[in-house]
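Beneath this line is the structure, given in structure tokens, with notes to follow.
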Amino acid sequence: MVGGGQGAYIGNIHRLASRLDGHWTLVAGAFDVDPDRGREFALNEGLDPARSYGTYQDLIAGERGREDRVDAVAICTPNFTHYPIAKALIEAGFDVICEKPLTATIEDAIALEALSRQSGRFVGVTYTYSGYPMVHEARVRIARGEIGDVRTVQVEYPLEWMATAIEQKGNIQAAWRTDPKKNGRGGSIGDIGTHAYHLAGFVTGLTLETLTADLATFVPGRALDDNAHVMMRYEGGARGLLWSSQVALGNSNGVRLRVFGSTGSFQWFQEQPNELIYTPLDGRVQTIKRGADDLSEDAKVRSRTPPGHPEGYLEAFANLYCGFAEAIRARLDEREPTSIGRNIPLTYDGLKGVAFVEAVVDSAEGGNAGWVTPIAV
Numbered sequence: 001m002v003g004g005g006q007g008a009y010i011g012n013i014h015r016l017a018s019r020l021d022g023h024w025t026l027v028a029g030a031f032d033v034d035p036d037r038g039r040e041f042a043l044n045e046g047l048d049p050a051r052s053y054g055t056y057q058d059l060i061a062g063e064r065g066r067e068d069r070v071d072a073v074a075i076c077t078p079n080f081t082h083y084p085i086a087k088a089l090i091e092a093g094f095d096v097i098c099e100k101p102l103t104a105t106i107e108d109a110i111a112l113e114a115l116s117r118q119s120g121r122f123v124g125v126t127y128t129y130s131g132y133p134m135v136h137e138a139r140v141r142i143a144r145g146e147i148g149d150v151r152t153v154q155v156e157y158p159l160e161w162m163a164t165a166i167e168q169k170g171n172i173q174a175a176w177r178t179d180p181k182k183n184g185r186g187g188s189i190g191d192i193g194t195h196a197y198h199l200a201g202f203v204t205g206l207t208l209e210t211l212t213a214d215l216a217t218f219v220p221g222r223a224l225d226d227n228a229h230v231m232m233r234y235e236g237g238a239r240g241l242l243w244s245s246q247v248a249l250g251n252s253n254g255v256r257l258r259v260f261g262s263t264g265s266f267q268w269f270q271e272q273p274n275e276l277i278y279t280p281l282d283g284r285v286q287t288i289k290r291g292a293d294d295l296s297e298d299a300k301v302r303s304r305t306p307p308g309h310p311e312g313y314l315e316a317f318a319n320l321y322c323g324f325a326e327a328i329r330a331r332l333d334e335r336e337p338t339s340i341g342r343n344i345p346l347t348y349d350g351l352k353g354v355a356f357v358e359a360v361v362d363s364a365e366g367g368n369a370g371w372v373t374p375i376a377v
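Start counting the sequence shown at 1; every next residue gets the next number (full-length UniProt numbering).
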């Protein structure tokens with residue numbers, strides 16, 4: 001692991017999720033921009049002092065020549081560092097698991113996707129919400145045509161944690177997320193809006209054609225948006241609405257997805273992640289529960305416990321790590337991955353996310369005078 005040390009929320013999530021199913025063991029890392037603090041953290045985690053590195057460059061040099069070298073490196077650092085770290089790892093022959101967004105700029109995203117493809121290295125991107133079993137169930141059922149042609153998609157990701165200027169009061173996590181040099185051009189739209197965008201496209205299979213956006217910065221002195229409204233037009237005529245906010249009081253990771261088709265609809269809310277609400281044209285509302293016997297293989301393989309025993313965010317994150325492990329093993333074994341290793345977020349998904357953020361900011365900065373087409377990727 002690179003980054004994700006003491007006090008880093010997402011680093012601990014990666015560690016917990018990767019260990020859940022026994023596919024991964026953390027054996028090496030460069031955990032902090034302060035080498036001494038990073039080494040201290042590594043020792044507290046029980047790592048071998050010889051594999052507790054001061055920098056990612058040291059990690060590459062130290063692991064490269066080992067017979068038991070790491071199988072992959074997880075990047076859990078601020079956005080602006082993703083590209084140089086991932087590039088160096090790929091060029092050194094390592095597989096990569098990268099936090100989203102893939103990079104802070106579209107130019108870096110294009111370059112990294114090309115490097116990954118040309119090198120044959122695996123690069124997984126942690127779009128967590130595509131790890132939920134019932135998200136996969138919705139995806140399978142929509143592809144089967146169970147709600148007919150998709151007409152409207154509504155997706156939202158509201159948060160409240162940055163409703164005040166906490167970045168000006170010593171909150172490190174908020175500080176880099178509100179710094180354009182470290183976070184990129186998009187604030188809430190880059191941090192959480194990219195999750196919502198990926199979720200909508202993953203479930204529906206729709207391809208974004210064009211968009212128009214309204215970005216707002218409600219907290220005085222903040223350099224990036226903390227609220228975003230985006231209207232989207234998809235290929236084939238479907239329409240979409242996306243809302244992301246870091247200032248929505250009363251909401252804590254309130255991810256919600258609604259897909260309305262010509263013969264029915266599906267709704268999924270992260271607060272009730274084990275249920276998928278299906279409403280056919282006749283109006284008889286049905287609740288499809290995780291663990292049911294008639295679910296798709298894609299959903300079943302991502303479930304661990306019987307119905308009534310809830311699975312949530314950590315399990316969804318762990319499903320990504322299971323998928324990444326299976327995809328890497330399948331490549332090494334020269335075979336097709338099993339279902340857990342398919343339909344996982346990879347470099348191209350990360351590139352599409354960065355292109356989406358870029359188009360949203362372009363639209364907003366252009367005064368919303370018209371519709372913007374994301375760069376073709």
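Note that beta-carbon positions come from the ideal geometry of N, C-alpha and C, so glycine has one too. Since we're looking at a predicted model, the values are computed, not measured.
Simplified DSSP assignment, three categories, for P35: helix
Where T204 sits in the DSSP three-state scheme: helix
Close-in-space but distant-in-sequence residues of the same chain around Q168 (CB under 8 Å, 5 per side omitted): G221
Residues of its chain near P158, where Cβ-Cβ distance is below 8 Å and the 5 sequence neighbours each way are ignored: W243, S244, S245, A248, N251 and G254
Three-state secondary structure assigned by DSSP to L115: helix
For P280, the residue or residues it bridges with in DSSP: G264
Distance, L43 Cα to L276 Cα: 43 Å
Min CB distance K300 to chain C below 8 Å: Note that chain C does not occur in the displayed structure, where there is just one protein chain.
Per-residue burial, D191 [other beta carbons within 10 Å of its own, 16 or more giving buried]: buried
Within 8 Å, strictly: CB atoms of V150 and I142: yes
Contact the stretch 303 to 314 vs the stretch 324 to 340: 3+ CB pairs below 8 Å: no
The stretch 358 to 365 / the stretch 167 to 187 touching (three or more Cβ pairs under 8 Å): yes
Proximity to L115 [Cα-Cα], best of C98, K87 and Y127: K87
V123 to R284 span [Cα, whole Å]: 42 Å
G237 versus A104: straight-line alpha-carbon distance, rounded: 30 Å
Coil, strand or helix - G4 by DSSP: coil
Length at least 3, wholly inside the UniProt domain "GFO/IDH/MocA-like oxidoreductase" (136 to 266): the beta strand (DSSP E) runs in chain order: 150 to 158, 208 to 216, 227 to 234, 239 to 245 and 256 to 261
First through last residue of the beta strand (DSSP E) which encompasses V96: D95 to C98
Identity of the residue in A30, V135 and T204 nearest G11 by Cα: A30
Sequence-distant residues of the same chain with beta carbon closer than 7 Å to G341, five excluded per side: G323, E326, A327 and A330
C-beta contact flag for S130 and L26 at 8 Å: no
Proximity of H82 and I75 at Cβ, strictly below 8 Å: yes
A28 and E67 closer than 8 Å at C-beta: no
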